[in-house]
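What the first sequence shows, in this note's numbering, is residues 2 to 278, in sequence order. Even for Gly, the Cβ is constructed at its ideal location relative to N, Cα and C. Since the model is a prediction, treat every value here as computed from it, not as a measurement.
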Amino acid sequence: MPELPEVETTIRGLAPFLDGQRLTAVTTFRPDLRRPFPADLAQRLTGATVTGLSRRAKYGIVSTDRDDHMIFHLGMSGRWRIAPSEIEKHDHFILETEEATVLALNDARRFASLDLVETDDLANWPPFAALGPEPFDLDAHRLKAALAGRKAAIKLLLLDQRIVAGLGNIYACEALFRARISPKRLAGTLATKTGKATQKTKALVDSVKAVLEDAIKSGGSSLRDYKRADGSLGEFQHRFKVYGREGKPCARKGCGGTVRRIVQGGRSTFYCPTCQR
DNA sequence: AGATATTCCTGGAGGC
DNA sequence: TGCCTCCAGGAATATC
2 MPELPEVETT IRGLAPFLDG QRLTAVTTFR PDLRRPFPAD LAQRLTGATV
52 TGLSRRAKYG IVSTDRDDHM IFHLGMSGRW RIAPSEIEKH DHFILETEEA
102 TVLALNDARR FASLDLVETD DLANWPPFAA LGPEPFDLDA HRLKAALAGR
152 KAAIKLLLLD QRIVAGLGNI YACEALFRAR ISPKRLAGTL ATKTGKATQK
202 TKALVDSVKA VLEDAIKSGG SSLRDYKRAD GSLGEFQHRF KVYGREGKPC
252 ARKGCGGTVR RIVQGGRSTF YCPTCQR
């Protein structure tokens, strides 16, 4: 479930153990995850000092003093474990620091990725080159322009990382609920010139930011696999208003509707047909 | 452009 | 503690 808040939580959890640390040992237990690991991964990381950790969309970035950036994507089930007492099933990659802290990348479904990109290549690195703006950099004008004329359902476009980068299935559903917008609404109808639709675009931008900020404050959401790097669970799953709440009463005061589940683009969408229009 | 299906994987849940 | 089917946070790719 790692969407933007889970990756942000992971980066914040790793930073105290990695930032400024020299990497003393790098171990891979297999040659690939979603993609092959770089052949010189261990060689380039071993002995390097971490100069900073950051995030872009759902990618975590560990930068080193060799102008390298180790970039990970957690896929569906990836997580980092700090100082594990022993190696577990599905640990695929291990970093060890000068202070002897062990960090393990664990991923049952192996949809994660691990890449090493040089600074000069960052902007053109294909996974990054295709990304739209960070949600926190989004504004109503920009979103409106991206949605104008589009006939796809708004939910599907919120999942399109080229439109806005970092939302996944959960937070797309939750943001639409907060904005009172139906996930089935054709994206272009949010982008018309008349006041009401523009207000809807603004509401959506504000809702996207708010739900992500709240989720980060809660340490992300833990459903099946996700845990914070220190092993603790996120808390935001207790605050879902629609996700996973099919058949339950709408959380909006006075609405009285019932949360529905539909399928869009082959994935579950949860929403309240009564108050989301 | 858009809708849909498929693929990469493992594991948990639920039906029988 | 069996077998089978379905479903799951993502995203690239193919086809109509």
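| query | result |
| --- | --- |
| Could you spell out the range, first to last residue, of the alpha helix (DSSP H) harbouring residue 14? | 5-19 |
| Return the chain-ordered list of same chain residues with a C-beta closer than 6 Å to the C-beta of residue 14, the five sequence neighbours on each side being excluded. | 229, 230, 231 |
| Let me know if residue 86 comes out buried or exposed under the rule of 16 or more other beta-carbons within 10 Å of its beta-carbon. | exposed |
| With 16 other CB atoms within 10 Å as the buried threshold, where does residue 201 fall? | buried |
| Take every Cβ of the segment 114-125, pair it with every Cβ of the segment 150-166, and state whether three or more of those distances are shorter than 8 Å. | no |
| Tell me which residues share the same chain as residue 74 and place their Cβ nearer than 7 Å to its Cβ, disregarding the 5 neighbours each side in the sequence. | 59, 60, 113, 114 |
| Using C-beta distances below 8 Å, list every residue in its chain close to residue 136, excluding the 5 sequence neighbours before and after it, in chain order. | 5, 165, 166, 167, 168, 209, 210, 213 |
| Could you name the residues of the same chain whose beta carbon sits closer than 7 Å to that of residue 126, not counting the 5 residues immediately before and after it, in chain order? | 118 |
| Roughly how many whole angstroms lie between the Cα atoms of residue 111 and residue 32? | 12 Å |
| Give me the Cα-Cα distance between residue 221 and residue 12, rounded to the nearest whole angstrom. | 12 Å |
| Please give me, in chain order, every unbroken run of the alpha helix (DSSP H) with length at least 4 that falls completely inside the segment 91-175. | 127-130, 141-148, 155-160 |
| I'd like to check one pair, residue 217 with residue 89: are the Cβ atoms closer than 7 Å? | no |
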